[in-house]
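The block underneath contains the structure these notes are about, expressed in structure tokens.
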């Protein structure tokens with residue numbers, strides 16, 4: 001049946017209720033974030049600055065409820081590797097290639113306090129209208145998996161960056 005067909009008698013709006021799971025949008029909170037991390041079997045720490053983070057093979061990932069109204073969930077990773085500043089263009093090219101291929105996380109290069117080039121990755125979603133437990137779980141597990149894929153790719157491309 002095409003969109004122009006007049007016969008839509010088989011479709012009823014009340015039939016949608018049976019097809020859509022009963023999920024409730026609730027406000028994003030740090031406690032819900034930590035519950036979702038635990039449900040995902042992600043081991044995390046909360047430091048004295050109240051930052052929530054998790055250690056992985058090639059980097060650290062932070063989980064932050066942020067924004068003016070506390071409705072943004074930001075998952076930010078920092079790759080353990082670092083390269084001297086004269087290799088900046090290589091890292092930028094690697095990040096740009098990643099960003100062309102992948103929707104998230106966004107990969108970018110930052111110069112640290114020692115003048116070394118570091119790669120960060122970020123995936124932030126606005127949950128102004130709330131988030132289900134399932135969506136929160138999906139955001140966290142997907143962001144962690146894809147961020148770790150970026151870190152693995154960087155490790156393969158720049159093995160010397162982790163030898164320091």
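In UniProt numbering, the protein residues as written are 1 to 164.
We treat Cβ as the ideally placed atom computed from N, Cα and C, and that holds for glycine.
Model, not experiment: these values are computed from the prediction.
Just how far apart, CA to CA, sit residue 85 and residue 161?
-> Here residue 85 corresponds to residue number 85 of the chain shown, with the count starting at 1. Here residue 161 corresponds to residue number 161 of the chain shown, with the count starting at 1. The alpha-carbon atoms of residue 85 and residue 161 are separated by roughly 12 Å.
With DSSP as the reference, please indicate the residues paired to residue 117 in a beta bridge.
-> Walking along the chain shown from the start, residue 117 turns up at place 117. BP columns for residue 117 point to 83, 111.
Can you give me the Cβ contacts of residue 71 inside the same chain, cut-off strictly under 7 Å, excluding the 5 residues immediately before and after it?
-> Taking the first residue of the chain shown as 1, we reach residue 71 at position 71. Taken in chain order, the residues that qualify are 28, 126, 127, 128.
Of all the options 83, 55, 37, which has the alpha carbon lying nearest to the alpha carbon of residue 113?
-> Reading the chain shown from its first residue, position 113 is the one you call residue 113. Ranking 83, 55, 37 by Cα distance to residue 113 puts 83 first.
For residue 122, which of helix, strand or coil comes out of DSSP?
-> For the purposes of this step, residue 122 is identified with residue 122 of the chain shown, where counting begins at 1. Residue 122: strand per DSSP, three-state reduction.
Excluding the five sequence neighbours on either side, which residues of its own chain have a C-beta within less than 7 Å of the C-beta of residue 25, listed in chain order?
-> Counted from its first residue, the chain shown places residue 25 at position 25. Closer than 7 Å at Cβ, skipping near neighbours: 129, 130, 131, 132.
DSSP three-state call for residue 26: helix, strand or coil?
-> Locating residue 26 in the chain shown gives position 26, counting from the first residue. In the structure shown, the three-state DSSP call for residue 26 is strand.
Straight-line Cα distance separating residue 57 from residue 134 = To locate residue 134, count along the chain shown from 1; it is residue 134. To locate residue 57, count along the chain shown from 1; it is residue 57. Their backbone Cα atoms lie some 26 Å apart in a straight line.
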